[in-house]
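A.B. asks: Throughout the sequence shown, residue numbering follows this note's numbering, covering 30 to 519 in sequence.
Beta carbons are placed, not taken as given, at the ideal position from N, Cα and C, and that holds for glycine.
Below is a structure I'd like to ask you about.
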Amino acid sequence: MIGGHAARFLQRMALPCMLLAAAPAHAELAFEPCDLRGSAGYGRVPAQCAWLDVPEDPGMPDGVRIRLRVARVASLAADPAADPVILINGGPGASAIDLYVDLAGAFEGVRRHRHIVLMDQRGTGRSARLDCEALQDASESFDPDAIRRATDTCLADLPGDPRFYGTRQAVHDLERLREALGVPAWNLYGVSYGTRVAQQYARQHPDAIRTLILDGVLPPGIALGPDVALNAEQTLRALIDRCAESADCADAFPALRAQLESLGQRLRERHIEVSLNHPLTGRPESVSLSYMHLAMTLRLLSYAPEGAALIPIIVDEAAARGNFLPIASQALQIERGLRDAIAFGMHNSVVCGEDVPFYGDIDQQLPALDATYLGGDQVRALRLICERWPATAEDASFKAPLVSALPTLLLSGAEDPITPPRYADQVVAGLANGRHLVAPGQGHGIAARGCVPELIDDFISAGSAAGLDVGCLQRLAPDPFFVDLLGPPP
């Protein structure tokens, strides 16, 4: 399920303190200088930070309260526009502040004219984060009893009430923040699951949005879960076909499809013990490499073109040479990244209230899911978790398509393995002033790719997507495949 950016971008600029001090003060939010850090602690962006106190249950304003982390990165302009840009991350369960630090370079053009406002969605980042370590540890294989026990352990350890950490409450928090800041209207950017939050906000508060950007679009009517394996399978098959059509890749890996099948069968039958230094910490590690590690690596690498370019070589190294170090190294990085990036308690609150109740007769779909490389066990596990998770199911109106005249820019990567371009095509049909752009050869979340940052800046500045010159997108392409461990051919 996990959406959001798989590739991290470290283009950042320091911000002089005098510009931060020039930002307006608000009595309700006590801003202080702070340093923002990105995913896994990488990156640094000077900003101003504050806490927004909100009721955990928006319907009980005098009840338990939680604190949401807010940050403001000041514009470079002496007299910035009154409508800032605000970012919403995906996951569900990922931090908006981490997203901005990882992609800061993509928004430098925007920052020439406007402040950037960030708020970690409730249950994520530093906003009453709902972690769920027991379920993370139980996810290595499909064991129903272990999943049930881990769910109960997770619920017992949660610091908050999981009924109040879904999209509806996040929309309430965004509007509360806008009121606290005195912002007339946002320029709203959402990526992956964040596009669901953005669409629900646009539905409820259309006058509070000046422009809307949806990147890696999730239609309201799509229930996260069943399509994940199907979309990932389609993307992997297209990648294998693209390798076969490339002379260099086909020469290096003439039997890639058969290698992948034999490698998957081998890892299903038994684990491979691999010793290596952890790619992030440098410490010696021993990994009992399973099929789950292979599937997770294939899926997450396919999120970005630089990751997809590695897939043939790491499959060939394992299948033809018995070298499992590349897969093990990638799997360790991915596991660590997901643990750091995703608050799985919040993730479950969203999925159990907004997705699983809309699966319909999922048993009829499971044979098709089981035929994919990811399989259907993720959906089976979610059903087990949600049987115990105290989430309030949304009604059918929550899943209705967004109908709006707001200026909207929809962005898709042509090779996105989780929110393919056809999803954005569904959404743009209801948007009178919407425009959908597809970036060739790109994956999930394209805000930092090629000329897309300039297009985002132009769209927000103009307040319309109609006049955008999008010819520059055609210069984008997939990364060339690695043909050996040294890289692509010269």
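Buried or exposed for residue 389, please, with buried defined as at least 16 other CB atoms from any protein chain shown within 10 angstroms of its CB.
C.D. replies: Residue 389 comes out exposed.
A.B. asks: Got a sec? Which residues, its chain only, sit under 7 angstroms from residue 411 by beta carbon, not counting five neighbours each side?
C.D. replies: Contacts found: 254, 380 and 385.
A.B. asks: Tell whether a beta-carbon distance below 7 angstroms holds between residue 486 and residue 138.
C.D. replies: The answer is yes: Cβ separation under 7 angstroms.
A.B. asks: Going by DSSP, what residue range makes up the alpha helix (DSSP H) through residue 378?
C.D. replies: Residues 373-383.
A.B. asks: If you count every other CB in all the chains shown that lies within 10 Å of the CB of residue 89, and 16 or more means buried, which is it?
C.D. replies: Counting Cβ neighbours within 10 Å, residue 89 comes out exposed, since fewer than 16 surround it.
A.B. asks: For residue 344 and residue 325, what's the separation of their Cα atoms in angstroms?
C.D. replies: So the alpha carbons of these two residues sit roughly 13 angstroms apart.
A.B. asks: Mind listing, in chain order, the continuous alpha helix (DSSP H) runs of no fewer than 4 residues lying wholly within the stretch 314-391?
C.D. replies: For the stretch 314-391, whole alpha helix (DSSP H) runs of length 4 or above, ordered along the chain, are 320-330, 334-337, 340-350, 354-370 and 373-383.
A.B. asks: Assuming residue 510 contacts residue 278 (C-beta within less than 8 angstroms), just tell me the rounded distance between them.
C.D. replies: Indeed they touch by this definition, with Cβ atoms about 4 angstroms apart.
A.B. asks: Which class does residue 216 belong to by DSSP, given the choice of helix, strand or coil?
C.D. replies: Residue state, collapsed to three classes: strand.
A.B. asks: Residue 231 and residue 238 look like a contact to me (Cβ under 8 angstroms); what is the Cβ gap, rounded to whole Å?
C.D. replies: Contact flag correct, Cβ pair sits at about 6 angstroms.
A.B. asks: Check this for me: beta carbons of residue 439 and residue 457, under 7 angstroms apart or not?
C.D. replies: For residue 439 and residue 457, yes; Cβs fall inside 7 angstroms.
A.B. asks: Using the C-alpha atoms, what's the distance from residue 57 back to residue 109?
C.D. replies: Spanning the two alpha carbons is a distance of roughly 22 angstroms.
A.B. asks: Rank 332, 319 and 303 by C-alpha distance to the C-alpha of residue 313 and give the top, closest one.
C.D. replies: Comparing Cα-Cα distances from residue 313 to each of 332, 319 and 303, the minimum goes to 303.
A.B. asks: What are the boundary residues of the alpha helix (DSSP H) that includes residue 77?
C.D. replies: Element bounds for residue 77: not the alpha helix (DSSP H) but the beta strand (DSSP E), 74-84.
A.B. asks: Does residue 514 pass the burial test, meaning 16 or more other C-beta atoms within 10 Å, or should it be called exposed?
C.D. replies: Per the 10 Å Cβ criterion, exposed.
A.B. asks: Looking at the unbroken beta strand (DSSP E) that takes in residue 156, where does it start and where does it end?
C.D. replies: Premise fails: residue 156 is in no beta strand (DSSP E) and is neither H nor E.
A.B. asks: Beta-carbon within less than 7 angstroms of residue 213's beta-carbon, same chain only, minus the 5 sequence neighbours each way: which residues are those?
C.D. replies: Around residue 213: 111 and 112.
A.B. asks: If you draw a straight line from the alpha carbon of residue 479 to that of residue 334, how long is it in whole angstroms?
C.D. replies: Straight-line Cα distance between these residues: approximately 12 angstroms.
A.B. asks: Could you round the C-beta distance between residue 118 and residue 195 to whole angstroms and report it? I think they count as a contact, below 8 angstroms.
C.D. replies: Going by Cβ atoms, the distance from residue 118 to residue 195 rounds to 15 angstroms, so no, they are not a contact pair.
A.B. asks: On the DSSP bridge assignment, give the partners of residue 467 in chain order.
C.D. replies: In DSSP, residue 467 forms a bridge with 441.
A.B. asks: Give every residue of the same chain whose Cβ lies closer than 8 angstroms to the Cβ of residue 141, excluding the five residues on either side of it in the sequence, and list them in chain order.
C.D. replies: Closer than 8 angstroms at Cβ, skipping near neighbours: 104, 105, 106 and 486.
A.B. asks: Where does residue 416 fall in DSSP's three states?
C.D. replies: Residue 416 falls in the helix class under three-state DSSP.
A.B. asks: Beta carbon of residue 202, beta carbon of residue 83: below 7 angstroms?
C.D. replies: Cβ atoms of residue 202 and residue 83: closer than 7 angstroms.
A.B. asks: Taking its Cβ as the centre, do 16 or more other Cβ atoms sit within 10 Å of residue 519, making it buried, or is it exposed?
C.D. replies: It counts as exposed.
A.B. asks: Can you confirm whether the stretch 364-375 touches the stretch 152-159 when touching is taken to mean that 3 or more C-beta pairs between the two stretches lie within less than 8 angstroms?
C.D. replies: Yes, since at least three Cβ pairs between the stretch 152-159 and the stretch 364-375 fall closer than 8 angstroms, the two stretches touch.
A.B. asks: Report yes or no: do the stretch 247-266 and the stretch 392-403 share at least 3 C-beta pairs separated by less than 8 angstroms?
C.D. replies: Result yes; three or more Cβ-Cβ pairs closer than 8 angstroms.
A.B. asks: Contact check, residue 319 vs residue 296 under 8 angstroms by CB: the rounded distance?
C.D. replies: Sure, about 6 angstroms apart at Cβ, within 8 angstroms.
A.B. asks: How long is the line joining the alpha carbons of residue 391 and residue 405, rounded to whole angstroms?
C.D. replies: Whole-angstrom Cα-Cα distance: 10 angstroms.
A.B. asks: Less than 7 angstroms separating the beta-carbons of residue 228 and residue 81?
C.D. replies: No; because the gap between Cβ atoms is not below 7 angstroms, this pair is not in contact.
A.B. asks: Could you check where the alpha helix (DSSP H) with residue 100 kicks off and where it finishes?
C.D. replies: That residue, residue 100, is in no alpha helix (DSSP H); its beta strand (DSSP E) goes 94-102.
A.B. asks: Going by the DSSP bridge assignment, what does residue 306 pair with across the sheet?
C.D. replies: Paired residues: 313.
A.B. asks: Could you check what DSSP says for residue 475 in three-state terms: helix, strand or coil?
C.D. replies: In this structure, residue 475 counts as coil in the three-state DSSP scheme.
A.B. asks: Taking buried to mean at least 16 other C-beta atoms within 10 Å of its own C-beta, is residue 186 buried or exposed?
C.D. replies: Answer is exposed; the Cβ neighbour count stays below 16.
A.B. asks: In the DSSP output, what is residue 62 paired with across the bridge?
C.D. replies: Bridge partners of residue 62: 77.
A.B. asks: Please classify residue 191 as buried or exposed, where buried requires at least 16 other C-beta atoms within 10 Å of its C-beta.
C.D. replies: Result: buried.
A.B. asks: Take every Cβ of the stretch 265-278, pair it with every Cβ of the stretch 409-428, and state whether three or more of those distances are shorter than 8 angstroms.
C.D. replies: Judged by Cβ distances under 8 angstroms, the stretch 265-278 makes no contact with the stretch 409-428, as fewer than three pairs qualify.
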